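Chemist:
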Amino acid sequence: MSVPNYEQIGNQLKVLAHPVRLRILDALRRDAECVCHLETLLEKPQPYVSQQLRLLREAGFIQDEKEGQNVYYRLMNDEVQSWLGAILDDPQDLTAGPLGHTQLVNCACPKCARTVTALDVT
Ligand SMILES: [Zn+2]
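Structure follows, in structure tokens:
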């Protein structure tokens, strides 16, 4: 049996122990999002949100992925997903409850803007 990396896990828990970072992870476990969406969701300035994302990335919770002009953040792996399931709620709720991307009316991110465009067409 391998010995847990107590140092690393201790540091990860320190990063987790913050309401805003938990809220970011709760959004990201449902869907990948870009900074501008998280900024609108949290109602926090961009430098603040970027700083939280950097801490979460350095702790190995999230990764970023460039898609066109935008950078999307998503959970690093299933292990992070199951941690969050234990802390926040049953991960099974994710497939039953109000899922995925949270649409925000005042958000200019591609995922929110895309739906507005689709509504305009219909
Ligand atoms: Zn958005």
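Numbering-wise (our numbering), the sequence shown opens with residue 6 and increments by one.
C-beta: ideal position from N, C-alpha, C; glycine also.
Everything numeric in this text was worked out from a predicted model, so none of it was measured.
#1: Tell me which residues share the same chain as CYS117 and place their Cβ nearer than 7 Å to its Cβ, disregarding the 5 neighbours each side in the sequence.
#2: Give the DSSP-derived three-state secondary structure of ARG34 in the structure shown.
#3: Within 7 Å: the Cβ of LEU58 and any heavy atom of ligand 1?
#4: Given a threshold of 16 other Cβ atoms within 10 Å of its Cβ, counted over all protein chains shown, does VAL8 qualify as buried or as exposed?
#5: Taking only the alpha-carbon atoms, compute the straight-line gap between ASP69 and GLU12 and give it to the nearest angstrom.
#6: CB VAL25 to CB GLN74, shorter than 8 Å?
#7: Give me the DSSP bridge partner(s) of VAL76.
Modeler: In short:
#1: Stepping through the sequence shown from its first residue, residue 117 is reached at position 112. Result list for CYS117: HIS42, GLN108, LEU109, in chain order.
#2: For the purposes of this step, residue 34 is identified with residue 29 of the sequence shown, where counting begins at 1. Annotated three-state conformation of ARG34 is coil, per DSSP.
#3: The residue you call residue 58 lines up with position 53 of the sequence shown. No, Cβ of LEU58 sits at least 7 Å from all heavy atoms of ligand 1.
#4: Locating residue 8 in the sequence shown gives position 3, where the first residue counts as 1. Classification of VAL8: exposed, given that the 10 Å Cβ count is below 16.
#5: The sequence position of residue 69 within the sequence shown is 64, counting from 1. The sequence position of residue 12 within the sequence shown is 7, counting from 1. C-alpha separation (whole angstroms): 24 Å.
#6: To locate residue 25, count along the sequence shown from 1; it is residue 20. To locate residue 74, count along the sequence shown from 1; it is residue 69. No. Outside cutoff.
#7: For the purposes of this step, residue 76 is taken as the residue at position 71 of the sequence shown. According to DSSP, VAL76 shares a beta bridge with LYS71.
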